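Student: Mind having a look at this structure? Questions to follow.
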Amino acid sequence: MAAGSTALQSLVEEFVSGLQDSKAKDTATGTKRAFVALSLTSSQPHTRARGVQLLSEVLQECYGNLTEREVEVLIAFYENRLKDHYVVTPPVLQGLKALTRCTALPTGSAVSMLRSLFQDVHVQVKLDIIRMLKIHQNYFNESTELKGLGADFVFGFVQSMDGERDPRNLLLAFQIAQNIINRGYDLGKFTEELFEVTSCYFPIDFTPPPNDPHGITKEQLIQALRAVLAGTPKFAEFLLPLLIEKLDSDVQSAKLDSLQTLVRFLTRYERKDLAEFLEGLWVSLRREVFQTSSEKIESAGLAALTALTSCLSRSVLNSDSEDSLSTFLDVVLKDCKHHLCEPDLKLVWPSAKLLQAACSASNRASHIIAASAMPSLIEQYNTRTQRFELICVSVFHPSMLEESVFLAFRQSLCSMVFSALSETNSSLQITATSVLTSLAQQAGLLLDSDIELAVDHLTRLLLTEEDDRVSLAVVECAGTLAELHPAAFTTKLIPRLKKEMFSASELHSRHAVRQQCLSALAAISIQPSVVQESTPVLLEVLSSAHTGNLPGRNFKSNVVLACRSLQRIAEQVQDTEEAGRCFHDVIILRLLSLALQAALQGNPLVEEVVLSAIVPVISTSCSRLQPMSVKSLCHLAVSLFLDGDVSFLPDNSFPSNIQLLKQQGDSWTQSQMVCLLMGCVCSLPRSVEVPQIDQLLSQLEEMSCSCSHPLSYTSAAKCFAALVNKRSQGDSLDSFIQRTMKRVCSELDSPSSPVRVQAFTLMIWVAKALLLRYHPLSTALTDKLFSLLDDADLGPMAAEGFSLLMSDSVDVLNRACHADVRIMYRQRFFSENSAKLVQGFNAAPQEKKSNYLKALSNIVNKLPKQVQVTELPALLSLLLEALSCPDQGVQLSTLSCLEPVLIDPPPALIQQLEALVSRLLALVGSPAMNVRIASLRCIHALSRFPVHEILPFRARVLRALAQPLDDKKRLVRREAVQARGEW
21 MAAGSTALQS
31 LVEEFVSGLQ
41 DSKAKDTATG
51 TKRAFVALSL
61 TSSQPHTRAR
71 GVQLLSEVLQ
81 ECYGNLTERE
91 VEVLIAFYEN
101 RLKDHYVVTP
111 PVLQGLKALT
121 RCTALPTGSA
131 VSMLRSLFQD
141 VHVQVKLDII
151 RMLKIHQNYF
161 NESTELKGLG
171 ADFVFGFVQS
181 MDGERDPRNL
191 LLAFQIAQNI
201 INRGYDLGKF
211 TEELFEVTSC
221 YFPIDFTPPP
231 NDPHGITKEQ
241 LIQALRAVLA
251 GTPKFAEFLL
261 PLLIEKLDSD
271 VQSAKLDSLQ
281 TLVRFLTRYE
291 RKDLAEFLEG
301 LWVSLRREVF
311 QTSSEKIESA
321 GLAALTALTS
331 CLSRSVLNSD
341 SEDSLSTFLD
351 VVLKDCKHHL
361 CEPDLKLVWP
371 SAKLLQAACS
381 ASNRASHIIA
391 ASAMPSLIEQ
401 YNTRTQRFEL
411 ICVSVFHPSM
421 LEESVFLAFR
431 QSLCSMVFSA
441 LSETNSSLQI
451 TATSVLTSLA
461 QQAGLLLDSD
471 IELAVDHLTR
481 LLLTEEDDRV
491 SLAVVECAGT
501 LAELHPAAFT
511 TKLIPRLKKE
521 MFSASELHSR
531 HAVRQQCLSA
541 LAAISIQPSV
551 VQESTPVLLE
561 VLSSAHTGNL
571 PGRNFKSNVV
581 LACRSLQRIA
591 EQVQDTEEAG
601 RCFHDVIILR
611 LLSLALQAAL
621 QGNPLVEEVV
631 LSAIVPVIST
641 SCSRLQPMSV
651 KSLCHLAVSL
661 FLDGDVSFLP
671 DNSFPSNIQL
681 LKQQGDSWTQ
691 SQMVCLLMGC
701 VCSLPRSVEV
711 PQIDQLLSQL
721 EEMSCSCSHP
731 LSYTSAAKCF
741 AALVNKRSQG
751 DSLDSFIQRT
761 MKRVCSELDS
771 PSSPVRVQAF
781 TLMIWVAKAL
791 LLRYHPLSTA
801 LTDKLFSLLD
811 DADLGPMAAE
821 GFSLLMSDSV
831 DVLNRACHAD
841 VRIMYRQRFF
851 SENSAKLVQG
861 FNAAPQEKKS
871 NYLKALSNIV
881 NKLPKQVQVT
891 ELPALLSLLL
901 EALSCPDQGV
911 QLSTLSCLEP
921 VLIDPPPALI
931 QQLEALVSRL
941 LALVGSPAMN
951 VRIASLRCIH
961 ALSRFPVHEI
971 LPFRARVLRA
981 LAQPLDDKKR
991 LVRREAVQAR
1001 GEW
């Protein structure tokens, strides 16, 4: 026992003498007061300081085990030590901080400690301040006694932070000051002192040093200080003059910070807090909007005006009090209203923005401004038509759109809009459509007669206007109005558009009008009642093309646009049972019938470009069907393609022996109809059971491996893959996939096989279907794909196949089509196969290496940027080889992969700088413009590397960049100028 005490005493003596720091905590469980007392009573201040430090570190370990009596004794000791030599102060503060965490803190001890801190601590080192402020913070979190100190506490706090410059301390001080304000401490006669000691840092001008270990940012300090300054209305008499003063300065950051602080203040307080400063605030805000050279400051000034007006709007009116909102807005109108009538238009837009900002503050403010400004604006329009655009922008701001505000001016506004729509000025017409849209969105501003007149104007512009900007604005306006008032469009617009589309004329302008009509029909078809009237017109366009009765020579483009219009309708129509019946009974069946008729008769509707436009219409329409309609359509489609059942199709004049899943000799017109089957069954939910699924898959597999027509066998492969992707897991699916793999591999392994391309197409789509759902058999197919990179005939196709695996498919195997797509499948594929790719590249003969590089580029280019940055260093050598590959597609995708990595380069990349610079400079002269641009961007990014690393290449790079400075393409020249400027 004596030996243990001797060892413990030896540890204490070593610590207090400064010989040993690391053993301090070892004494935490066994330190005796007697051992420490020797150092605490020493005549040497440094020895006493080490003794207190030891005690404080022990307390940090065991403060939770102290009793209330022990805490009381320790507090008395530490308070007494605050009067000791200044070198003892830091460990004393450390100990007090530990004691504030005690659960057994005696009543009144918080007040006692703070009184001692304020009286006895003369802050001399930054470390003391940090500890002292943290003690304050601990008290705020744990103690409710501090309010008893009253203004003395505020005075003590002001003294403790006065003159502080360390950002760590300032952030803590601002947080404590905010607590003082938010918790209702009595500021007393020290209100101005607290404001002064914090506001002297406004505006914050702080740039954190590089690699700052504390992580304190300028924005943190700004927000913390702003919360203090705007925390109490008691600061108003000091804060508002300060903000006005800063707004008068030339420092842009000070202006912006002042405006944002003003908004923070105004959102919380009332009129009485700022009454005497209203005039000065308005003058400053007006100046910042009228004379600003910064959009940020202008936006902040407008936001401040909105907050100011909103603050005044919240004031309660008494019979004997002044209406401060009306008084303030009178000043605003006096200063802005006359600018709206100036002939030089210099201050029109700033004045309009100020009025908009004030109007958006409250409904009452918008009424006051509208009542004053609208009569003169309407008069301006009647005398100067060119000012109509100004009127619209000034008055019809979205935040002001309250029907009650403009109800008194309804008739005048409607007259102005319709008059402007009749003008020939394009800008005026575009603005008029915007205003018409705003009016229509407010109940009561447009009567039924106004809607009908608006439809007449829009129809006229659709059929006669040649300016694309006006036509686009008219179509958008018609779409909005048709959703709100569908009846007028079904009775007036649609019949007129139908008449124009089928009028016989060969003029080029008539062709443009037809396309405009088709776009308009799609735009207005949101309500089911409109869809029922518009879709028959679009289907009639397809029927007329089928029969050869569609006017004009460009009927093919009209047919494609009609299909796109049908697709847009399917995407945007309201999801109702009525709309679902329309798609099931009318659109889908009619499209199947028209396409089948075209296949049998061989007319232009059977061309690939038309079928490719019909498929997404069917696919999107199927996604909008009700559950019962989905099952019905699935059965009908399968019976049509498997059994040749055409009984359900409209205009049924088809032969009974149709076989759509078999190629009839050299004729492919019927076999390519399989793309329509793909549209019908591949977009259905996974819960829908496809009838005769095994027979259907067998037929699709046969077509994929035997048909010679590209669209036919590709569509069959896609349809097969989509059905496999959605099929339930089990032995049945596995055996079917294995049988298909055996057949595909047999064809691929036979160099003389005439259907190798077809087998490869089926393999790549099935591989994608299995990869998306993490099926175990996907590995066998992807391994086969890797092996084909060495194939003399299929190697380039295999390299491109990796792009298909990694990219999103538009028509099948995507989430919109309810495919089974697991998260991060790309990252998983990359992590499992990147090593195989590198091994294959190293083992491949020279003439086959380009296939591996292309495959690598296609894989990496589809990875998320974050994964690229992490994984690319390991593949850097291959990527550098890819830059030397003659394939421009490989070059471009590799450059796009490298660019984000160059922003924050890993060490491995810097080590390869010589090779990287050489290859990038070689691509600057590439015949492909996109490659030249991408290489210049990478060279630009290299300029941000450490100076000592890139300086040896500077002269060489500048010489090489002289060539693209004279490039014939402006975009290349622009990138070259930017890159050369950085170098």
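Numbering-wise, the sequence shown is residues 21 to 1003 according to this note's numbering. Every residue, glycine too, gets a C-beta built ideally from N, C-alpha and C. All values derive from a computational prediction rather than experimental measurement.
(1) If I follow the unbroken alpha helix (DSSP H) through GLY464, where does it start and stop?
(2) Is it the case that the Cβ atoms of TRP1003 and VAL967 are separated by a distance below 9 Å?
(3) Do ALA543 and VAL475 come within 9 Å of each other at the CB atom, strictly closer than that value?
(4) Do you know whose CA, among ASP754, LEU814, ASN745, lies nearest LEU792's CA?
(5) Straight-line CA distance for SER827 to VAL841?
(6) Under 7 Å Cβ to Cβ from TYR733, same chain only, skipping five residues before and after it: list those, please.
(7) Can you check whether the CB of LEU513 is closer than 9 Å to the CB of ALA540?
(8) Measure the alpha-carbon distance for LYS874 versus HIS655 and round it to whole angstroms.
(9) Determine, using beta carbons only, whether LEU263 and LEU241 come nearer to each other than 9 Å.
(10) According to DSSP, is PRO515 helix, strand or coil?
(11) Which runs of the beta strand (DSSP E) spanning at least 3 residues fall entirely within the region 567-633, listed in chain order?
(12) List in chain order: all unbroken alpha helix (DSSP H) runs of 4+ residues lying wholly within the region 926-974.
(13) Please report the distance separating the alpha-carbon of ILE713 from that of LEU805.
(14) Please state whether the Cβ-Cβ distance between ALA378 and LEU349 is less than 9 Å.
(15) State the Cα-Cα distance for the pair PHE861 and LEU645, rounded to the nearest angstrom.
(16) Between the region 756-763 and the region 848-867, do three or more beta carbon pairs fall short of 8 Å?
(17) Could you tell me how far apart the beta carbons of ARG188 and ILE236 are, in whole angstroms, since I believe they sit closer than 8 Å?
(18) Excluding sequence positions up to five away, which residues of its chain have a Cβ less than 7 Å from the Cβ of VAL351?
(19) Would you identify the three-state DSSP class for HIS477, choosing helix, strand or coil?
(20) Suppose contacts are defined by Cβ-Cβ distances below 9 Å. Is CYS434 in contact with ASP470 by that definition?
(21) Are ASP293 and ALA256 close, meaning C-beta to C-beta below 9 Å?
(22) Whole alpha helix (DSSP H) runs in the region 297-353 with 4 or more residues, listed along the chain?
(23) At which residue ranges does the region 646-717 contain complete beta strand (DSSP E) runs of 3 or more residues, listed in the order of the chain?
(24) Can you tell which of LEU929, LYS988, GLU934 has its C-alpha closest to the C-alpha of ILE953?
(25) Please report how far the alpha carbon of VAL579 lies from the alpha carbon of PRO711, in whole angstroms.
(26) Have a look at SER1004 and ILE95 and give me their C-alpha separation to the nearest angstrom.
(27) What is the rounded straight-line gap between the Cα of SER485 and the Cα of GLY699?
(28) Does the beta-carbon distance from ARG939 to LEU900 come in below 9 Å?
(29) Can you name, in chain order, every residue of its own chain whose Cβ lies under 7 Å from the Cβ of TYR872, other than the five neighbours on each side?
(30) DSSP on LEU267, reduced to helix/strand/coil?
(31) Nearest to ILE678 by CA position, among PRO670, GLN886, SER659, is which residue?
(32) Whole angstroms is fine: what's the gap from SER314's alpha carbon to GLY176's?
(33) Hey, how far is the Cα of PRO229 from the Cα of ILE923?
(34) Hey, would you say LEU481 sits closer than 9 Å to LEU441, going by beta carbons?
(35) So, for PRO705: in the same chain, excluding its five sequence neighbours on each side, which residues have a beta-carbon less than 8 Å away from its beta-carbon?
(36) Under 9 Å, do CYS695 and LEU743 count as touching if we go by C-beta distance?
Tutor: Taking the coordinates as given:
(1) Looking at the DSSP string, GLY464 is not in any alpha helix (DSSP H), and its letter there is neither H nor E.
(2) no
(3) no
(4) ASN745
(5) 12 Å
(6) MET723, SER724, CYS727, GLN778, THR781
(7) yes
(8) 43 Å
(9) no
(10) helix
(11) none
(12) 927-931, 933-943, 949-962, 967-970
(13) 27 Å
(14) yes
(15) 49 Å
(16) no
(17) 6 Å
(18) TRP302
(19) helix
(20) yes
(21) yes
(22) 298-311, 315-333
(23) none
(24) LYS988
(25) 33 Å
(26) Since the first residue shown for the chain is 21 and the last is 1003, residue 1004 is missing from the structure and cannot be characterised.
(27) Rather than Ser, the amino acid found at residue 485 in this sequence is Glu. Their Cα atoms are separated by approximately 37 Å.
(28) yes
(29) LEU809, LEU857, GLY860, PHE861, ALA864
(30) helix
(31) SER659
(32) 42 Å
(33) 20 Å
(34) yes
(35) VAL650, HIS838
(36) no
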